[in-house]
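**Student:** In my numbering, the protein residues as written are 782 to 1717.
C-beta atoms are modelled at their ideal positions from N, C-alpha and C, and glycine is treated no differently.
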Amino acid sequence: MNNGSKQFLRFARFVSDIHIFLVEINRLFIIGSNNTQTRFRVLKIDRTEAKELNVIDDKLEYNQLEIRELLVMVDVGNRSSKSSNHYGLNRTISAFGIVGFVRFLEGYYLILITKRRRVAQLGHHSIYKIEDTHMVYIPSEVDKSNHEELKYYKLFQNVDLSSNFYFSYSYDLSHTLQYNIGQTYLHNHSGTNCEHDLSETHTLWERNNSDCCDGSATEESSNDRKYELHSGGVRTKPNYKFVWNEYLLQSLDLHPDWILHICHGFVAQNNICYLLQSLDLHPDWILHICHGFVAQNNICVFGRPIHLTLIAKRSKKFAGTRFLKRGGNCEGDVANDVITEQIVHDASVSSFSDGFYTSFVQMRGSVPSYWSQDISKMVPKPAIQLDIMDPYYAMAGRHFNQLLYTYGSPIIILNLVKRREQKPHESVLSNEFMNAVNYLNQFLPPKHQIDYIGFDMARINKLKDANVMTRLAEIAYYTLKQTGIFQSKGTCLNQQQPDCEAFIQRDRRTLGGYRLPCGRTLQTGIVRVNCVDCLDRTNTAQFALGKVALAFQLYSLGILPKPDLEFESDTVRMLEELYEDHGDTLALQYGGSQLVHRIKTYRKIALLSSHSRDIMQTLSRYYSNAFSDAEKQNVMNLFLGVFKPAKGASIWDLYTDFYLHNSLAAGRQLAGSHTKQYTKWWSDEVVKCLPRSALEINKGSPDSLICLTRDKTNNERTDGYYEQYRPYELTVFTDTLSFNIPNSCKDFMPNFTADYSPFSVRLRVGKRRESLMGSSGSKLPPPPNPSLSGRASTSSTSSSASELESDSDDEDETAYDFVNFNANHSDNEDLTQSHCSPTKAVDIRWESSHTYGHIVKKPFHKDIDLYKKYVNIGHKAGEAKELFTNKTNKLCVNSSEYSDTSFSVKPPVVSKTRETGVTTLSNNSLKFGINSNEDL
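#1: Determine the burial state of Cys1071: buried for a count of at least 16 other Cβ atoms within 10 Å of its Cβ, exposed for fewer.
#2: Since I believe Ser951 is in contact with Gly1501 (beta carbons under 8 Å), could you give me their beta-carbon distance rounded to a whole number of angstroms?
#3: So what does DSSP say about Ser1190, is it helix, strand or coil?
#4: How big is the Cα-Cα spacing for Ser1541 and Ile1192?
#5: First and last residue of the beta strand (DSSP E) that includes Thr895?
#6: Where does Met1159 fall in DSSP's three states?
#7: Can you tell me which of the three DSSP states Ile1092 falls into?
#8: Which value, in whole angstroms, describes the spacing of the CA atoms of Arg1085 and Asn1524?
#9: Is the CB-CB distance between Val1115 and Ser1147 below 8 Å?
#10: At 4 residues or longer, what runs of the alpha helix (DSSP H) sit wholly inside the region 1294 to 1382?
#11: Who does Arg820 pair with in a DSSP beta bridge?
#12: Once DSSP output is grouped into helix, strand and coil, what is the label at Trp1152?
#13: Are the beta-carbon atoms of Gly1189 and Arg820 separated by less than 8 Å?
#14: Below 6 Å CB to CB, which residues in the same chain sit around Tyr1509 once its five sequence neighbours on both sides are set aside?
#15: Evaluate contact between the region 1148 to 1168 and the region 911 to 931, counting only Cβ atoms and requiring at least three cross-stretch pairs below 8 Å.
#16: Determine, using beta carbons only, whether Asn1182 and Ser955 come nearer to each other than 8 Å.
#17: To the nearest angstrom, report how far apart Pro1344 and Gln1334 are at their CA atoms.
#18: Just mark Gly1300 as buried or exposed, buried being the case when its beta carbon has 16 or more other beta carbons within 10 Å.
#19: Can you tell me whether Ala1257 is buried or exposed, with buried defined as 16 or more other CB within 10 angstroms of its CB?
#20: Out of curiosity, what's the CA-to-CA distance linking Leu1068 and Lys1199?
#21: Should the region 1077 to 1084 be regarded as contacting the region 1528 to 1541, the criterion being three or more beta carbon pairs within less than 8 Å?
#22: Does the region 872 to 885 come into contact with the region 929 to 940, if we say contact requires no fewer than three beta-carbon pairs (one atom in each stretch) closer than 8 Å?
#23: Could you check where the beta strand (DSSP E) with Val917 kicks off and where it finishes?
#24: Once you ignore the five residues that flank Leu1029 on each side, which residues in its own chain have a CB closer than 7 Å to its CB?
#25: Check whether the region 1369 to 1384 and the region 1405 to 1416 are in contact - that is, three or more C-beta pairs closer than 8 Å.
#26: Going by beta carbon distance, what residues of the same chain come within less than 7 Å of Asp827, once the five residues before and after it are set aside?
#27: Let me know the secondary structure DSSP gives Met854 once reduced to three states.
#28: When you compare each of Val917, Phe1439, Lys1243 to Asn1110 by their alpha carbons, which one comes out closest?
#29: Could you tell me the distance, in whole angstroms, from the CA atom of Gly1113 to the CA atom of Leu870?
#30: Using C-beta distances below 6 Å, list every residue in its chain close to Ser1583, excluding the 5 sequence neighbours before and after it, in chain order.
#31: On the criterion of 16 or more Cβ atoms from any shown chain inside 10 Å, does Tyr1651 qualify as buried, or is it exposed?
#32: With distances taken Cα to Cα, identify the nearest neighbour of Lys1385 among Val853, Ala1239, Leu903.
#33: Identify, in the order they occur along the chain, each residue of the same chain with its Cβ nearer than 8 Å to the Cβ of Gly1136, setting aside the five sequence neighbours on each side.
#34: Once DSSP output is grouped into helix, strand and coil, what is the label at Leu870?
#35: By the three-class DSSP mapping on this structure, what secondary structure does Lys1695 have?
#36: What's the C-alpha gap between Ile1169 and Gln959?
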């Protein structure tokens, strides 16, 4: 494998199978091994200390013979003297990983993963879901007199780790795919990756435009001069914002600052370079757990597997339940902060270096302001109130500075909150958000300003002739023009169709992103979607963005001739189901119930039967928010380490947790060191790297690396063959992930069809195309029966939490609010109209090009005459065959040689007439032969 491909490798952990052995009552031995059971590591935990954690790691690797000898030596050395048959080494439990250690008031508990399930596969990397866990009390003596310890233990057990917690041994779930397979440049000198001329005559913005990542030649020359492209396996630090077991690992001194600078040196061992660390535990033991949603489907394109993966990661910062966590905190962290990544790749090639991978990242999060809702009164919709006035919008500035650092620019806001109401409710947030964006944009150049798009989705959905999905598609095309999508390789375009050449050229100019010299395209910036709860409306808007992004992803893979997908195709129905599962999972985590209004509701195809389900989900959400959210919030605070148990202060006695989540209000951080200049809310490190992400550019810095390998051989750490294919295991085909993941042919394609394309439009009985019903330009009247279209279910307002009601009487006025949107929107009108225009009934026809790649035309007259000629010849041949059907000769076997065997031979029977003839012939031949000899 060449150097260019080695940069995509991930440095994998090989500890994936754990066995715990108890040595009498004094020590615990934890034996970790890889999947092939060829390499082992050992941890020893002392059980004599009641309230201290003493973990010893010798940092050695053992083979099978060495680990067997070690266990036998420990076993023999700890045998009881009273009975030689009693062994001191007893195996207690087997597991697949260590979640961490936790302590309440007494001793430490060890949390283990005892059951896992593979849910997704990205290249050679497997993603697992935790199915079951087990807690082991480490001290040998249990103090049962402390009742608060038992109460904390039961409260901690309410954390259901088997519910939507995921991990991977080799793939970093906390980062995006673009970050994970990106190039790693090792820093040979101190400093950032973007070097600038520090002349006083240029501002940071001017230096950014002239020197930083503006051209490919400048970037290459800077990297070749000061940085080395790493060609081996790389393991970087995770994004601890999405690592939910960070607090459980802090007892092992695993803090974000556990890596020292690279200038301190390396420790080389077996061609593996570990940065000097301040911890005593090897990184192979550590698993980073993420909370959210992971699902994977297979789009089968005529046998070619195209995997569609959806990964949602919930932030642990300011995490909580619906009414108890609104807005954000003083650090810039917002409630219900979830990053959703949509990955599409060709699964026929599993290598990151040789395969083609695409991804699109978007996020949801609460409005970044100090606001809340009073839930002390039993009302369906508590009033929204601004708790703290922030005239300089410092908290919003910190929030957007984090986004610029992590994802680059531009930041596009899609605000779905209502804009005008007779009685101000949601509009309070809409006005506050717009004012914050206008203030922050004053100090940014136009190229990197925050784009604000206000879209009153609830009021537009109530209009008779309006189509929410079409308008969301227009916004989606605009956002993709700004941010683009990630493509690991150059676009694979289908150049065999000359009618699409003009469209392809136009598409290259409209799709945004940052193109590298190697042909790879990076997504720069992110789309931020929000409503009040960031649940129902937000999920539908994210589906609309994902649908348009999926079309461009398939188009870049060379699957589609044009980036366009129809709603009633198998692929879009699969994507819709995937996003509904995604929305239900996130809604249960934050709101306590599944989605109240689903995607079909806003597409106006939901039946009346779904109305009763919406009512039940509303009641379930109301019950959860009123009675169980307080305990659920305490559980999260205890699990994440926001509240640390201590004697004299109990978590169930706290009136509010506001001071736990706001360090400035609690006095843990001084106001002078916390605030910045009111006109400079962004950091210099972010500015130097825009429009790219500073996090990605600084990937090779000493603060981001954990360990490296320069091994050129295909060892297990950098070669995922054994992890994916498991040649050492007896695997049942029906238990494999490839067989069990949803398939477009098996689960979504109709049973009786002649068109096997997953992109073909399929009109089913009782359903109509979405584009035929919602467009204002369509001349087709709506169906008389409302149950066919579901319009009655969308106009109902009996649900107390309904997001579809509108208090505005002016329904003809547009519901858009744009900041930095109209200036560039005119350049994209042709593109949006070509995709978002309503499809007429005459356009719904089957084309053979969807299935066979070419259009079947009517044959020419000369071809028809030639065909008739051969048909007549065939008929004549059939008539001639009938003449000889009755004149057949039956061949009989007269010889008995076929009945002979190797043991017996039956001589043939010869008649006397033939025997006489043969004798006469033999005599004449003999006589003739004698005469001949005499003549000679």
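**Tutor:** Inspection of the coordinates gives the following:
#1: The residue labelled residue 1071 in the question sits at position 290 within the sequence shown. The residue is buried, with at least 16 neighbouring Cβ atoms inside 10 Å.
#2: Looking up residue 1501 in the sequence shown gives position 720. Looking up residue 951 in the sequence shown gives position 170. Sure, about 6 Å apart at Cβ, within 8 Å.
#3: Taking the first residue of the sequence shown as position 1, residue 1190 is located at position 409. Correct three-state label for Ser1190: coil.
#4: As a first step, residue 1541 is located in the sequence shown; it is residue number 760 there, counting from the start. As a first step, residue 1192 is located in the sequence shown; it is residue number 411 there, counting from the start. When rounded, the distance between both Cα atoms is 35 Å.
#5: In the sequence shown, the residue the question calls residue 895 occupies position 114. Counting along the chain, the beta strand (DSSP E) containing Thr895 begins and ends at 889 to 903.
#6: By one-based count along the sequence shown, residue 1159 stands at place 378. Correct three-state label for Met1159: coil.
#7: Locating residue 1092 in the sequence shown gives position 311, counting from the first residue. In this structure, Ile1092 counts as strand in the three-state DSSP scheme.
#8: As a first step, residue 1085 is located in the sequence shown; it is residue number 304 there, counting from the start. As a first step, residue 1524 is located in the sequence shown; it is residue number 743 there, counting from the start. One C-alpha to the other measures close to 12 Å.
#9: Locating residue 1115 in the sequence shown gives position 334, counting from the first residue. Locating residue 1147 in the sequence shown gives position 366, counting from the first residue. Their beta carbons are under 8 Å apart, which means Val1115 touches Ser1147 by this criterion.
#10: 1317 to 1337, 1351 to 1371
#11: Indexing the sequence shown from 1 puts residue 820 at position 39. Answer is none; Arg820 lacks a bridge partner.
#12: As a first step, residue 1152 must be located in the sequence shown, where it is residue number 371. Trp1152: strand per DSSP, three-state reduction.
#13: Position 408 of the sequence shown, counting from 1, holds the residue named residue 1189. Position 39 of the sequence shown, counting from 1, holds the residue named residue 820. No; because the gap between Cβ atoms is not below 8 Å, this pair is not in contact.
#14: Here residue 1509 refers to the residue found at position 728 when the sequence shown is read from its first residue. Cβ within range, chain order: Thr817.
#15: no
#16: As a first step, residue 1182 must be located in the sequence shown, where it is residue number 401. As a first step, residue 955 must be located in the sequence shown, where it is residue number 174. No, these two residues do not count as a Cβ contact at 8 Å.
#17: Residue 1344 sits at position 563 when you count from the first residue of the sequence shown. Residue 1334 sits at position 553 when you count from the first residue of the sequence shown. Cα-Cα distance, rounded: 8 Å.
#18: On the sequence shown, residue 1300 is found 519 positions in, with the first residue counted as 1. Counting Cβ neighbours within 10 Å, Gly1300 comes out exposed, since fewer than 16 surround it.
#19: By one-based count along the sequence shown, residue 1257 stands at place 476. Counting Cβ neighbours within 10 Å, Ala1257 comes out buried, since at least 16 surround it.
#20: Within the sequence shown, numbered from 1, the residue matching residue 1068 stands at position 287. Within the sequence shown, numbered from 1, the residue matching residue 1199 stands at position 418. Approximately 42 Å between the Cα atoms of the pair.
#21: yes
#22: yes
#23: Residue 917 sits at position 136 when you count from the first residue of the sequence shown. It spans 906 to 918 - the beta strand (DSSP E) in which Val917 sits, taken as one unbroken run.
#24: Locating residue 1029 in the sequence shown gives position 248, counting from the first residue. Contacts found: Val880, Gly881, Phe882, Val883, Ile892.
#25: yes
#26: Position 46 of the sequence shown, counted from the first residue, corresponds to residue 827. Within the same chain, Asp827 has close Cβ partners Arg808, Asn835.
#27: Position 73 of the sequence shown, counting from 1, holds the residue named residue 854. Reduced to three states, the DSSP call for Met854 is helix.
#28: Here residue 1110 refers to the residue found at position 329 of the sequence shown. Per the Cα distances, Phe1439.
#29: As a first step, residue 1113 is located in the sequence shown; it is residue number 332 there, counting from the start. As a first step, residue 870 is located in the sequence shown; it is residue number 89 there, counting from the start. So the alpha carbons of these two residues sit roughly 51 Å apart.
#30: Here residue 1583 is taken as the residue at index 802 of the sequence shown, counted from 1. Reliability fails at Ser1583, whose pLDDT of 37 lies under 50, so the model's placement of it is uncertain and the value that follows must be treated cautiously. For Ser1583, where only same-chain residues beyond five positions count, there are no Cβ hits under 6 Å.
#31: Against the sequence shown, residue 1651 aligns to sequence position 870. So Tyr1651 ends up on the exposed side.
#32: Position 604 of the sequence shown holds residue 1385. For Lys1385, the nearest C-alpha among the options comes from Ala1239.
#33: Start at 1 with the first residue of the sequence shown, and residue 1136 comes out as number 355. For Gly1136, where only same-chain residues beyond five positions count, the Cβ hits under 8 Å are Gly904, His1126, Asp1127, Val1130, Ser1269.
#34: By one-based count along the sequence shown, residue 870 stands at place 89. DSSP places Leu870 in strand when its eight states are reduced to three.
#35: Locating residue 1695 in the sequence shown gives position 914, counting from the first residue. A small correction: the amino acid at residue 1695 is Arg; Lys does not occupy that position in the sequence shown. Of the three classes helix, strand and coil, the one that applies to Arg1695 here is helix, per DSSP.
#36: As a first step, residue 1169 must be located in the sequence shown, where it is residue number 388. As a first step, residue 959 must be located in the sequence shown, where it is residue number 178. Roughly 38 Å separates the two Cα atoms.
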